[in-house]
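Novice: Protein chains in written order, with my numbering: chain A, 4 to 292; chain B, 29 to 285; chain C, 196 to 628; chain D, -12 to 323. One structure is given below, represented as structure tokens, and several questions about it will come after.
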Amino acid sequence: MTIELFSQLLLNGLSIGLIYVLVASGLILLLGVVRIFNFAHGEFYMLGAFITFGCCEFLHLNFFVSIAIAIVLVTILSLFCYRFIFHYIRGDILLCTAASIGLSMMLLRGALLSFGTQERGLHPPFKGSVGIGQVNLPAEKVMAILLCIGVMFGLYWLLMRTKVGKAMRAVKLDNEVASLQGINTTRIYQIAFAAGCALAALAGGIMAPVFSITPSMGHSLLLNCFMALVVGGMQSMLGGVVGGLVVGLVLSFGMYFVGDLSEILLFAVIGVIIVFKPGGLFGEPEHHE
Amino acid sequence: MKTLLETRKLTKFFGGLAAVHEVDFQVRESEIVGLIGPNGAGKSTFFNLISGFHPVTTGTILFQERDITGVKAHKIASLGIARAFQAATLFMELSVFDNVFNGLHGHYHEPAWKAFLHLSSVRKEEQGARERVREIIDFMGLADHADRKARNLPHGHQKILGVCIAMATAPKLLLLDEPFTGMHPEETAVMIRVVEKIRDSGVTIVIVEHNMEAVMRLCDRIAVLNQGRKIAEAEPQEIAHNPEVIEAYLGSDEEEL
Amino acid sequence: MQSSGYTVLDRPLLRREVRPGGGIMKVKAWLLVVLLVAFSVCVVTGAVHAQGVKTLKVGTVLPLNFGLGVDTKKALEMLVGQFNDAGGITIKGQTYKVQLIVYDDKWTAEAGRAALERLVYQDKVQYIISIISSPTMVSGLNMIEENKILNLFSGTSLRAMNPKLRYTFGTSTTRTSLMPLWAVAKKIFPNAKTTVFISPNDEGGKARAAEEKQVAEANGIKVLDTLFHPRDAVDFTALAVKAKSLNPDIMDYPGADSGTQFGLELKAVHAAGFRGNAHLSAIAPKLDEVMQVASIEALEGLLCNIKPTELPNPPPLAKKFKDDFTRTYGKWSEAAFPWIPAWPALLEAFKKADSVDPTTVSDYIASKGLFWDRIDGPARMVRRPDLGNTKYCDSVSEALYGQIKQGKIVHVATMSRDEVVATCEKVFGPGWK
Amino acid sequence: MNRGSRKKGIIALGCACLILALLPFFTDSRYFMHLIIMTCINIMLGLSFSMLFSAGLVTMGAAGFWGIGAYTSALLVLKAGLSFWVAMPLAALATACVAFIVGLVIIRAPGVAFIIQTMIVNMILVQVFGHFEFFGGWAGLLDIPAPNPIGPITFTGKTANYYLILMLLLVNILAFYALYTSRIGRAWSAIRLNARLAETLSVDLFRYRLVAFIISSAGAGLAGSFYAHYFQTLEPNMFNVFKSIYIQIYSILGGLNFYIPGPVIGAAIITFVPELLRIGKEIEPILTGAVLILLVIFLPGGILSLPDRLGFFTKEPLAASSGKNSVQEQQEKRVL
């Protein structure tokens, strides 16, 4: 195996893995703070991609402006969903799951019927490819890598340094104590829900020029992100980051070496991890013993 | 009197922090021992170590001269160490009767497949268990509330119910975690009577408690923990005048003696 | 002090926050009951609406969660509407109109089977056309046969070619149009010696890859490797790098999707540095979708089946269909194209057999075959002795092949249906006609 | 479980059995019978979910174990030539064995991790069914024979199959009922209501949860065996994660606290509502989704909590203490 091949697969795995990182971080935020298993997350990702596409293609806006618009619109939609659905059943993870399935069904079919049946793709905003050493990577993938890393650092800063982030972490640890300390938990739930969905929309926007845009694009992505959660653990953002990268890299290298067995390979990796670390690599320790 | 429970240099670290540090502690049969200390002194962790919820970092725990360090919680329970929790930890959705009934889990001898088939031997055994539950409820004075949901009981009764459940396991050693916290004076009086009754029935008791009056009245011996270390162990009167203990309490501004 | 070691789930798994306002909730609950009852009454009464006499019920089950299903539904509804407006069909002096019943199968066996059960036992249809998804097809085959229902399906499942089946006929030509493709490829790329297949790992992909391997080797081209990918994959970079490293003359995509997924494959292969300019696809790609994700350079040299509607001067039938579709729905979509030939075939079969009885019609087709005009050209039923089926069961149609140059389709060859059959027989043995 | 509710339960079960047993005499729609049969299968799957729930575990992998039962039974009949009546118990046994091995690994996973890991197990099973030609690959298995006839009774039509699944369902319900009312069921409910407390009452969490996992999977395997021979074709994607999620919705809609009637009601609704809405064609999922969301929001305790909601049969006030409750819960939580 040559070094070029290795770095080619590595960079490719990274670029896909970072997308998983973004979506998985959103899921962790939702799971940890709001306690929702959001099966509609893939649909928010899809909406992000569609809105970005629409703004670029029909309104001829700049790519980054389009992503920003997508984030804003999806955030508004998610706040709406939170207020009229999840607000009433917050705290109950199973009811939220059931409701999110219903939401996912509605959004998926709604998107298919309203955006038309044609599959879409966004022409890359930057032409050509970037050479790193002897490896050529398409410009849009390089952009995806850079944007994702930037966003993750931004998220880290948001959670660790800002008041809202601190409040979020407090609510995640213990919502009653947090509310006793004067944190408006309802507001924090809203913010966390919106932030999680916004991350998904951002991921969708970034991926719009890389892959195709179809109503069902969120489905397989969501399953991969759940795998990332199992690998990394659901407790911290770090788990999401590591999990997403592991899933991306295993799939990239696996696809080259074992072809369609790459998914089985990924499952084998996950199996080994959960035998030794039941809560994932950065998950909580066992609690029964 | 024989030693029932003994810990030797029991230590527990959480991260880099010693929650319990080299505590030597002994409980003899049929006595009531109090365990006091300011908040965060490691009392509850100490209980958690004994009942097997946390793995011990170093040190040993002996129960009836048998090493039970590292034994799983449910095994420890079936050896005869029962625990009533700090707050009202109950099966909130169940009736008082069913709460206590669950406490008898370790006392069935018929194998599980017979239980599944509801054979007559099993039914007889369960009938016996039901009678035992009635006895315990009567003994603890909850007979009037047997059919109420635990959730709907007043706070004091909930705490007594917690003790009832622990008693249903027919323990040799009963660990009471703050049994008097949040009680009215009348309820406290009832609880004191309950604890005395249990002691008189031959069960050894360890109490973690902040209510000094009750501890002083009940306990034969008191041990004091501060910042994970045992700083004193003596009869109640001596403890009240021990300068180190007073220092520990005044220093933490928590409680007055 | 207390470390639970259980932080995310510190709170019990299920906890309902107590909400005030029980009285209002009670009213809401009653309201919900009333709404539900009213709703189900509406649904039930709606379902039992009256129907006209002398109407043939034709059922179809489509994956309405995909664009191709929705478009096929639109196309079929339009065609059936035109047919009814034109006065229907007269068989033995009796005029018939058609009522089309469309159900959704979500590309799952469970929903598909339920939909078929409903078509067969509730709506009592006698003809089922244009089933696309193979889970539905396969899970319903036995029931369709038992109830003697004429089944002209459009999917690609080889399972439906089973000789035991009496009422089931394939009207899709994706199975048969790939043999001539390689003959054409031999002409266009005379120096090609080797090829690599990139194929999805599901039933369709594996079957196509196996078939195409046979065809390629019959044409003297060596298949270096077949690379499988998961059906819903989007990232083909690793696969493309692998394919490129094998250094084939032709890159082939058996069983590929016709839309953007195919575009992503081409894009990845191009990005991996494959410059043979020789791509093959037996499925007519939806160029407008493919070109949304793949650049013109990536598409360069692709040799593929093409749809007559995409030609500069389409034949009249195709032109009419395209114009009608555009007029009715405001926007042209070629997605429905491969899935609707079952409809003209059904009408032609009624006429030829001079009957609307499904058994008579099926036996007629199985023994005498059927020639009909598809929108993309004349077609006929063929036998599949290679699959052990000596009755007419599969179909073949005139096939158009084109190559993509500078982002435009250039028509390179037309194979009449007899030529198509001839090339098929060359590879799979005689006895098709 | 007190005597009154047991009596009520037995009466309800008896009435339901009578109505269901007579059902084929009142309808001649085989489509309707198909839906009823599918409902029965779904009920068995829902029961499997709610048994695990009764032990405080939430699974999103029930469909995978259903698939193991289906594939085992189909392969035993197709490849080993066994009779359906032998293959069915073997399928349940095989499912239980797989559940035992899987359970050893994943039961210890904490809370939410367990949910996702069951999901992963489900995905692995689907991949295994699809990848290996032994299981028929992605194309699946075809022409699985109907259950072998017993004397004059053949299982090709709907009615005989219906009575068969009804018997299986009844056996399933009775067995689960016997478990719930035995000390095993009491231990499960103790674990669900308060795992910590249960542990101090010498309940072995791991072992009891493992037992629940095995038994519930065996129930799903039994349903799978019947499903394979009723449906007569299998393909891997029938058993994917989305089916598992639906299974979970059965219990949630019916009412999570009603281990047996909950899945019955929920499965009936989820099976019938989309069929009723079929005339909505492509907007059907939007309507189904809306119905689901509305039910969840307005009836968070499930459909079976409706009588309580409307104030029927309430002896004790449901949420009698509102303020105090949450305080207690807080305290309870701190202990954990």
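Using N, Cα and C, we set each Cβ at its ideal position, and we do this for glycine too.
Helix or strand or just coil, what does DSSP make of Val248 (chain C)?
Specialist: Since pLDDT at Val248 (chain C) reaches only 46, below the 50 mark, its modelled position is unreliable, and no value is offered.
Novice: Going by CA-CA distance only, name the one from B:Ile188, B:Glu159 and B:Ser149 that's closest to Leu170 (chain B).
Specialist: B:Ile188
Novice: Any idea if Arg38 (chain A) is buried or exposed, counting beta-carbon neighbours within 10 angstroms, 16 or more meaning buried?
Specialist: buried
Novice: Once the 5 residues before and after Ala561 (chain C) are set aside, which same chain residues still bring their CB inside 6 Å of it?
Specialist: Once the five neighbours on either side are set aside, the close Cβ partners of Ala561 (chain C) are Lys586 and Tyr587.
Novice: Go ahead and pull the three-state DSSP assignment for Leu62 (chain A).
Specialist: coil
Novice: According to DSSP, is Asn270 (chain B) helix, strand or coil?
Specialist: coil
Novice: Leaving aside the five residues before and after Phe69 (chain A) along the sequence, list all residues of the same chain whose C-beta is less than 6 Å from its C-beta, in chain order.
Specialist: The sequence as given places Ser at residue 69 (chain A); Phe does not occur at that position. Excluding residues within five positions, the ones whose Cβ falls inside 6 Å are Thr55, Cys58 and Cys59.
Novice: Output needed for Ala157 (chain B): all residues of its chain with C-beta closer than 6 Å, excluding positions within five of it in sequence on either side, in chain order.
Specialist: Leu132
Novice: With a Cβ-Cβ cutoff of 9 Å, do Asp447 (chain C) and Phe392 (chain C) count as a contact?
Specialist: Yes, the Cβ-Cβ distance between Asp447 (chain C) and Phe392 (chain C) is below 9 Å.
Novice: Counting Cβ pairs, one atom from each stretch, are 3 or more of them under 8 Å apart for the region 139 to 156 of chain D and the region 228 to 243 of chain D?
Specialist: no
Novice: If you compare alpha carbons, which of C:Ile604, C:Leu376 and C:Leu360 is closest to Pro507 (chain C)?
Specialist: Per the Cα distances, C:Ile604.
Novice: Could you say which of C:Lys600, C:Thr618 and C:Pro553 lies nearest to Glu341 (chain C) if we only look at CA atoms?
Specialist: Per the Cα distances, C:Pro553.
Novice: Can you list, in chain order, the residues of the region 419 to 440 of chain C whose Cβ is nearer than 7 Å to any Cβ on chain A?
Specialist: Leu422, Phe423, His424, Pro425, Asp427, Val429, Asp430, Thr432, Ala433, Leu434, Val436 and Lys437
Novice: By Cβ distance below 8 Å, which residues in the same chain neighbour Ile339 (chain C) in space, the five residues on each side in sequence not counted?
Specialist: Leu311, Val315, Ile323, Asn346, Tyr362 and Thr363
Novice: So what does Lys187 (chain B) bridge to, in DSSP terms?
Specialist: Note: Lys187 (chain B) sits in no beta bridge, so no partner.
Novice: Please list, in chain order, the chain B residues whose beta carbon lies closer than 8 Å to that of Ala165 (chain D).
Specialist: Phe144, Leu145 and His146
Novice: Hey, quick one: how far does the alpha helix (DSSP H) through Arg403 (chain C) stretch, first residue to last?
Specialist: Glu398 to Ala413
Novice: Please tell me whether Ile78 (chain B) and Thr117 (chain B) are closer than 9 Å, where the distance is taken between their beta carbons.
Specialist: no
Novice: Rank C:Ala433, C:Ile535, C:Ser592 and C:Thr609 by C-alpha distance to the C-alpha of Asp263 (chain A) and give the top, closest one.
Specialist: Distances from the alpha-carbon of Asp263 (chain A) to those of C:Ala433, C:Ile535, C:Ser592 and C:Thr609 put C:Ala433 closest.
Novice: Which residues of chain C have a Cβ atom closer than 7 Å to the Cβ of Phe89 (chain A), listed in chain order?
Specialist: Residues of chain C passing the Cβ test: none, with the nearest at roughly 12 Å.
Novice: Using alpha carbons as the reference points, say which of D:Gly127, D:Ile88, D:Ile28 and D:Gly98 lies closest to Val108 (chain D).
Specialist: The shortest C-alpha separation from Val108 (chain D) is found at D:Ile88.
Novice: Classify Gln601 (chain C): buried if its beta carbon has 16 or more other beta carbons within 10 angstroms, exposed otherwise.
Specialist: exposed
Novice: Mind checking Asp228 (chain B): buried by the 16 CB within 10 Å criterion, or exposed?
Specialist: It is exposed - the Cβ of Asp228 (chain B) has fewer than 16 other Cβ atoms within 10 Å.
Novice: My guess is that Leu32 (chain B) and Leu253 (chain B) are in contact by the Cβ rule of under 8 Å, so how many angstroms apart are they, rounded?
Specialist: So it is not a contact: roughly 19 Å between Cβ atoms.
Novice: Measuring alpha carbon to alpha carbon, tell me which of B:His135, B:Ile164 and B:Glu163 ends up nearest Val150 (chain B).
Specialist: Distances from the alpha-carbon of Val150 (chain B) to those of B:His135, B:Ile164 and B:Glu163 put B:His135 closest.
Novice: Give me, in chain order, the residues of the same chain whose beta-carbon lies closer than 6 Å to that of Lys269 (chain C); leave out the 5 immediate sequence neighbours on both sides.
Specialist: Tyr524
Novice: Output yes if chain D places a C-beta closer than 9 Å to the C-beta of Glu121 (chain B); else output no.
Specialist: yes
Novice: Using the beta-carbon of each residue, which ones in chain D are nearer than 7 Å to Val265 (chain C)?
Specialist: Glu269
Novice: With distances taken between CB atoms, is the gap from Gly87 (chain B) to Val61 (chain B) smaller than 9 Å?
Specialist: no
Novice: Could you check if His102 (chain B) is buried or exposed, using at least 16 other CB atoms within 10 Å of its CB as the buried criterion?
Specialist: buried
Novice: Return no unless some Cβ of chain A is closer than 9 Å to the Cβ of Arg210 (chain C).
Specialist: A caution first: Arg210 (chain C) carries a pLDDT of 39, below 50, which makes its placement in the model too unreliable to give a value.
Novice: Among residues of its own chain, excluding the 5 on either side of Gln11 (chain A), which ones have a beta-carbon nearer than 6 Å to its beta-carbon?
Specialist: Val138
Novice: At 3 residues or longer, and completely inside the region 78 to 117 of chain B: list those beta strand (DSSP E) runs for me, N to C.
Specialist: 86 to 91 and 109 to 112
Novice: Mark His49 (chain B) as exposed unless 16 or more other C-beta atoms lie within 10 angstroms of its C-beta, in which case mark it buried.
Specialist: buried
Novice: Helix, strand or coil for Ala171 (chain B), going by three-state DSSP, please let me know.
Specialist: helix
Novice: Determine the contact status of Ile327 (chain C) and Trp567 (chain C), defining contact as a CB-CB distance below 9 Å.
Specialist: no
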